[in-house]
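Chemist: The structure that follows is given in the form of structure tokens.
Numbering (this note's numbering), first residue to last: 47 to 535.
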């Protein structure tokens with residue numbers, strides 16, 4: 047019998063979310079999520095099908111500790127082969143934990159990171175599956191990644207399965223925060239598993255009542271948090287779950303031309319939106335006529351990598367667009383200018399703690415609608431108005447507290463995943479001060495907090511409709527211009 051004669055219907059045995067992954071050829075295929083989601087089963091199923099359909103393979107299955115493989119991945123692959131009625135096509139060596147496909151000689155080898163000598167002796171690997179990858183150190187993964195190289199008849203892929211733990215874990219930094227090239231990430235929970243038994247489902251559901259945090263991490267497969275977060279982690283993670291598969295309406299940037307005779311004037315009629323898949327501006331809800339908008343921005347300073355900006359619909363408070371990038375200050379100001387023009391001449395309020403240049407550049411460009419703060423002149427003691435938002439010991443706690451309230455009561459207003467992820471690593475330090483965990487950032491949090499704070503200086507109702515002036519027709523005259531048939535008042 048040849049492999050072509052085996053009749054098999056994957057939809058009978060597989061979850062719907064897993065079936066498209068059979069054709070996925072990314073170098074890194076990441077299955078992560080909660081307990082009972084079927085992610086490891088999906089990886090085992092894909093492996094078995096590749097063993098049957100392709101040839102020239104030597105798959106390496108990895109866990110941190112070798113003796114944990116026998117009762118986990120090795121048992122799962124054997125169970126998959128048996129359930130699918132494919133036992134006759136495989137030779138299974140239980141002693142050495144080695145599986146061979148009788149049809150083509152494909153092999154599956156199992157090894158632990160704790161057995162480096164065995165790993166060194168394995169050559170010609172064509173694919174890998176790293177189970178419980180959160181147990182590995184980043185250096186372990188890097189060494190495995192380097193092993194998968196050279197010519198292979200079929201595509202090379204590393205499947206990675208794990209339950210997320212700390213939001214500070216290297217897996218999150220490599221595959222989620224920085225979005226590693228040539229990778230596909232799939233999230234699943236017990237709610238996506240049509241094969242889960244009712245008893246186990248009830249056990250997971252009970253966690254919601256007993257320990258909300260444990261349910262969030264263990265059952266819903268969200269990243270865990272180390273330390274006490276400022277923002278409600280459950281609410282933030284629920285919003286992340288809703289938005290996970292929702293892409294922005296559009297992504298891109300603005301292009302424009304300067305006045306040839308004035309380097310400080312952007313020609314507004316030349317401003318154009320350019321679509322880019324990896325653009326640094328994300329628009330979640332497009333501009334609406336007569337609607338007032340505000341833009342709050344955080345400029346890059348100490349410990350910060352990105353300039354950010356958040357556009358709010360000032361009637362609803364909804365986050366309709368974001369900008370985040372490693373800009374030069376002048377380029378940041380230019381994109382903010384264009385973003386403000388695009389959103390009906392939005393009120394712009396940029397943080398000025400580390401540099402006042404972006405605000406000054408907006409002034410040079412002639413942007414009229416900017417947030418101002420009142421300050422007392424140190425010599426005359428007169429109150430002056432200055433553009434830009436100043437974060438200090440008074441305003442910082444104020445704007446953060448306001449944003450905490452918004453997250454608690456109106457989390458549906460937040461549509462940006464980067465911002466939500468920052469909220470999970472925004473904690474109190476040993477002195478009780480809210481700040482980003484070491485190695486993390488708060489650029490988006492501060493930008494959004496500023497945007498909400500400055501709303502009071504912008505209209506909160508629809509702008510008045512502009513009525514275009516038209517010629518007034520006199521009934522007693524003809525339409526002959528020579529006779530004055532029309533007259534402009």
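Every residue gets a Cβ at the ideal spot worked out from N, C-alpha and C, and that includes glycine. Values in this document were obtained by computation on a predicted structure and should not be read as measured data.
Under 8 Å, with one C-beta from each stretch per pair, do the segment 351-366 and the segment 306-324 reach the 3-pair mark?
Modeler: no
Chemist: Entirely within the segment 128-172 and at least 4 residues each: give me those alpha helix (DSSP H) ranges in chain order.
Modeler: 162-167
Chemist: Is the segment 281-295 touching the segment 441-458 in the sense that three or more CB pairs, one from each, lie closer than 8 Å?
Modeler: yes
Chemist: Hey, could you find the ends of the beta strand (DSSP E) residue 105 is sitting in?
Modeler: 104-109
Chemist: For a test of the three-state rule: what should DSSP assign to residue 305, helix, strand or coil?
Modeler: Strand.
Chemist: For the alpha helix (DSSP H) that residue 333 lies in, which residues bound it at each end?
Modeler: Residue 333 -> no alpha helix (DSSP H), and no H or E assigned at all.
Chemist: Taking 7 Å as the cut-off, decide whether the C-beta atoms of residue 212 and residue 270 are in contact.
Modeler: Yes. Within cutoff.
Chemist: Are the beta-carbon atoms belonging to residue 430 and residue 423 less than 7 Å from one another?
Modeler: Taking 7 Å as the Cβ cut-off, residue 430 and residue 423 qualify as a contacting pair.
Chemist: Can you round the beta-carbon distance between residue 371 and residue 389 to whole angstroms, since I take them to be within the 8 Å contact cut?
Modeler: Between residue 389 and residue 371 the Cβ distance is about 18 Å, and since that is not below 8 Å, they are no contact.
Chemist: Can we say the segment 156-168 touches the segment 105-122, given the rule of at least three CB pairs closer than 8 Å?
Modeler: yes
Chemist: Can you give me the Cβ contacts of residue 94 inside the same chain, cut-off strictly under 8 Å, excluding the 5 residues immediately before and after it?
Modeler: Non-local C-beta neighbours of residue 94 in its own chain, meaning closer than 8 Å and more than five positions away in sequence, comprise 123, 126, 127, 130, 132, ordered along the chain.
Chemist: Just how far apart, CA to CA, sit residue 376 and residue 230?
Modeler: 35 Å
Chemist: Helix, strand or coil for residue 356 per DSSP?
Modeler: strand
Chemist: What separation, rounded to the nearest whole angstrom, lies between the Cα atoms of residue 413 and residue 395?
Modeler: 12 Å
Chemist: Determine which residues share a DSSP beta bridge with residue 393 and list them.
Modeler: Partner(s): 340.
Chemist: So, does the CB of residue 243 fall closer than 7 Å to a CB anywhere in chain D?
Modeler: Reference to chain D is not applicable here, since this structure consists of a single protein chain.
Chemist: Taking the alpha carbon of residue 8 as the reference point, which residue from 217, 261, 190, 180 has its own alpha carbon closest?
Modeler: Because the chain is modelled from 47 through 535, residue 8 falls outside the range shown and cannot be assessed.
Chemist: Mind pulling the beta strand (DSSP E) runs of 3 or more residues that sit fully within the segment 449-510?
Modeler: Unbroken beta strand (DSSP E) runs of no fewer than 3 residues, entirely contained in the segment 449-510, are found at 472-474, 480-482, following chain order.
Chemist: Within the same chain, show all residues whose beta-carbon is closer than 7 Å to that of residue 250, passing over the 5 residues directly before and after it, in chain order.
Modeler: 81, 82, 236, 265
Chemist: Closest to residue 347 by CA distance: which of 400, 152, 194, 435 is it?
Modeler: 400
Chemist: Pair every Cβ in the segment 331-348 with every Cβ in the segment 495-509, then say whether three or more of these pairs are closer than 8 Å.
Modeler: yes
Chemist: For residue 71, which residues of its own chain have a beta-carbon under 7 Å away from its beta-carbon, when the five flanking residues on both sides are left out?
Modeler: Excluding positions up to five away in sequence, the list reads 201, 203.
Chemist: Are the segment 208-227 and the segment 175-187 touching by the rule of at least three beta carbon pairs closer than 8 Å?
Modeler: yes
Chemist: Leaving out the 5 sequence neighbours to the left and right, which residues in its chain are closer than 7 Å to residue 480 when beta-carbon positions are compared?
Modeler: 276, 446, 472, 474
Chemist: Here's a check: name, in chain order, each residue in its chain whose Cβ is nearer than 7 Å to the Cβ of residue 138, leaving out the five neighbours to either side.
Modeler: Only 124, 145 meet the Cβ criterion.
Chemist: From which residue to which residue does the alpha helix (DSSP H) around residue 245 run?
Modeler: 244-256
Chemist: On a Cα-Cα basis, can you pick out the residue from 418, 205, 180, 255 that is closest to residue 174?
Modeler: 205
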